[in-house]
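S.K.:
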Amino acid sequence: MSANWSPKNEAEQAMARAAESGEIIGFLRAFTTAELYLPQVPAASGEGWAPLTQRLPGATAIPLFTSLAGMGSAVFAGRYAVTSFAEVCREWAEPGWWVAINPGTPIESYLPFDAVDPLLTGELHLVDGELVPPEPLTTATPVPVAPLAPDPDQEITALLEQSVTVPTTSEVAAAEAVLAPDFLWLSVDRSGTPTIVAFIEARSCALAYPERPRVTMPFLLLLLAWPAGHGLLLDLGGPAPVGYDPDEVAGLQRRAISLR
């Protein structure tokens, strides 16, 4: 454990002890039964709030913290909700999403949401960064910082097969119009960053921005036309949109070009 960090409550004390002794079940039991803090950002619709999401290579994660101090030192968000692991799984976790446990602290860990219960019940074990059935397990395995390694190109490959709908400031005759250098993008403020909202489902865009014109285009075209300095809020049709800051969008552009 870092000399500059100390647990702020009983849950973090238990997690720290479990992490040092390699007890994944004890670590997860303390986490899943604790009061959790969920950072939130404005929803893509402009009304209400949604969970902050974190980008992993090839995956999306929801960061959850076991103390306000841990959350405040790791992320900047407009507000937060006090919740439980069960509620997050029920209300916001999408299939394939991960949970980022106390990211940025000595008791951080990253796991798929759907692996947590099997690890607690012994249906899965964590061995050398891999989720495996119980038979191969022979020794205790420390809680890793990043236990699994998603395919870094899986996310962008899936997105490149999609079309997205974007609300606009005025009527657009053809999708290629967004390539014009003077195209007027409709952006929203997300934690001080101008952000463009895109929707996988055109109907969701119409519901969120009923009075705005909109244009549908391949996701690759959107990346090629992307205005510098803008973030992306991508509504995949679930309860929580996925946020990308400008640097992450630039990373998507580079990966998209390398795959084409």
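Counting in UniProt numbering, the sequence shown runs from 1 upward without gaps. Idealized CB from N, CA, C, for every residue including glycine. Small disclaimer: the values here were computed from a predicted structure and weren't measured.
Since Gly231 is in the beta strand (DSSP E), which residue starts that stretch and which ends it?
M.R.: For the purposes of this step, residue 231 is identified with residue 231 of the sequence shown, where counting begins at 1. Gly231 to Asp235 is the span of the beta strand (DSSP E), which, as asked, contains Gly231.
S.K.: Answer yes or no: do Gly229 and Pro246 have a C-beta to C-beta separation smaller than 9 angstroms?
M.R.: Mapped onto the sequence shown, residue 229 falls at position 229. Mapped onto the sequence shown, residue 246 falls at position 246. Yes, the Cβ-Cβ distance between Gly229 and Pro246 is below 9 angstroms.
S.K.: Nearest to Ala175 by alpha carbon, out of Leu224, Gln13 and Pro106?
M.R.: On the sequence shown, residue 175 is found 175 positions in, with the first residue counted as 1. For the residues Leu224, Gln13 and Pro106, the minimum Cα distance to Ala175 belongs to Leu224.
S.K.: Specify, as a first and last residue, the run of the beta strand (DSSP E) that Ile62 falls within.
M.R.: Start at 1 with the first residue of the sequence shown, and residue 62 comes out as number 62. Ala59 to Leu64 is the extent of the beta strand (DSSP E) around Ile62.
S.K.: Which of the three DSSP states is assigned to Asp245 in this structure?
M.R.: Against the sequence shown, residue 245 aligns to sequence position 245. Coil, per DSSP.
S.K.: How would you call Arg79, buried or exposed, if buried means at least 16 neighbouring beta carbons within 10 angstroms?
M.R.: Residue mapping note: residue 79 aligns to position 79 of the sequence shown, counting from 1. With fewer than 16 other Cβ atoms within 10 Å, it is exposed.
S.K.: With H, G and I counted as helix, E and B as strand and the rest as coil, what does DSSP make of Gln13?
M.R.: One-based indexing of the sequence shown puts residue 13 at position 13. Looking at Gln13 - three-state DSSP - the assignment turns out to be helix.
S.K.: Give the list of continuous alpha helix (DSSP H) stretches no shorter than 4 residues that lie fully inside the UniProt domain "SseB protein N-terminal" (12 to 116).
M.R.: Counting whole runs of 4 or more residues, the UniProt domain "SseB protein N-terminal" (12 to 116) contains the alpha helix (DSSP H) stretches 24 to 32, 68 to 74 and 85 to 91.
S.K.: May I ask which residues mark the beginning and end of the alpha helix (DSSP H) holding Arg203?
M.R.: As a working mapping, residue 203 is identified with position 203 in the sequence shown. Per DSSP, Arg203 belongs to the alpha helix (DSSP H) from Ala202 to Ala208.
S.K.: Would you check if the distance between the CB atom of Ile107 and the CB atom of Pro42 is smaller than 9 angstroms?
M.R.: By one-based count along the sequence shown, residue 107 stands at place 107. By one-based count along the sequence shown, residue 42 stands at place 42. No, they are not a contact pair.
S.K.: I need the straight-line Cα distance from Ala198 to Glu20, nearest angstrom please.
M.R.: The sequence position of residue 198 within the sequence shown is 198, counting from 1. The sequence position of residue 20 within the sequence shown is 20, counting from 1. Roughly 43 angstroms separates the two Cα atoms.
S.K.: For Trp185, which beta-bridge partners are listed by DSSP?
M.R.: Numbered from its first residue, the sequence shown carries residue 185 at position 185. For Trp185, which the question treats as bridged, DSSP gives the partners Thr168.
S.K.: Once DSSP output is grouped into helix, strand and coil, what is the label at Ala158?
M.R.: Taking the sequence shown and counting its residues from 1, the one referred to as residue 158 is at position 158. Three-state result, Ala158: helix.
S.K.: Is there contact between the segment 43 to 62 and the segment 13 to 30, where contact requires at least three CB pairs shorter than 8 angstroms?
M.R.: The segment 43 to 62 is not in contact with the segment 13 to 30.
S.K.: At the level of alpha carbons, what is the spacing between Leu28 and Thr169?
M.R.: Indexing the sequence shown from 1 puts residue 28 at position 28. Indexing the sequence shown from 1 puts residue 169 at position 169. Using only the alpha carbons, I get a separation of about 47 angstroms.
S.K.: Among Thr83, Ile257 and Pro194, which one has its Cα closest to the Cα of residue 268?
M.R.: Past the edges of the chain, shown from 1 to 260, lies residue 268, and the structure says nothing about it.
S.K.: Note down, in chain order, each residue of its chain lying with its Cβ closer than 7 angstroms to the Cβ of Glu47, except the 5 sequence neighbours on either side.
M.R.: Here residue 47 refers to the residue found at position 47 of the sequence shown. Contacts found: none.
S.K.: Closest to Leu221 by C-alpha separation, out of Pro103, Glu123, Leu120 and Thr165, would be which residue?
M.R.: Within the sequence shown, the letter at position 221 stands for residue 221. Out of Pro103, Glu123, Leu120 and Thr165, Thr165 has the C-alpha closest to the C-alpha of Leu221.
S.K.: Taking Cβ to Cβ, would you say Leu160 is nearer than 9 angstroms to Pro213?
M.R.: Stepping through the sequence shown from its first residue, residue 160 is reached at position 160. Stepping through the sequence shown from its first residue, residue 213 is reached at position 213. No; because the gap between Cβ atoms is not below 9 angstroms, this pair is not in contact.
S.K.: Taking 9 angstroms as the cut-off, decide whether the C-beta atoms of Val75 and Val88 are in contact.
M.R.: For the purposes of this step, residue 75 is taken as residue 75 along the sequence shown, with counting starting at 1. For the purposes of this step, residue 88 is taken as residue 88 along the sequence shown, with counting starting at 1. No, these two residues do not count as a Cβ contact at 9 angstroms.
S.K.: In this structure, does DSSP put Pro227 in helix, strand or coil?
M.R.: Locating residue 227 in the sequence shown gives position 227, counting from the first residue. Here Pro227 sits in coil by DSSP.
S.K.: Label Val82 either buried or exposed according to how many other C-beta atoms from any shown protein chain fall within 10 Å of its C-beta, with 16 as the threshold for buried.
M.R.: In the sequence shown, the residue the question calls residue 82 occupies position 82. Classification for Val82: exposed.
S.K.: Put Ser258 into one of helix, strand or coil per three-state DSSP.
M.R.: Residue mapping note: residue 258 aligns to position 258 of the sequence shown, counting from 1. Three-state DSSP puts Ser258 in a helix.
S.K.: Considering just the uninterrupted stretch of the beta strand (DSSP E) at Arg214, what are its terminal residues?
M.R.: The residue labelled residue 214 in the question sits at position 214 within the sequence shown. Counting along the chain, the beta strand (DSSP E) containing Arg214 begins and ends at Arg214 to Pro218.
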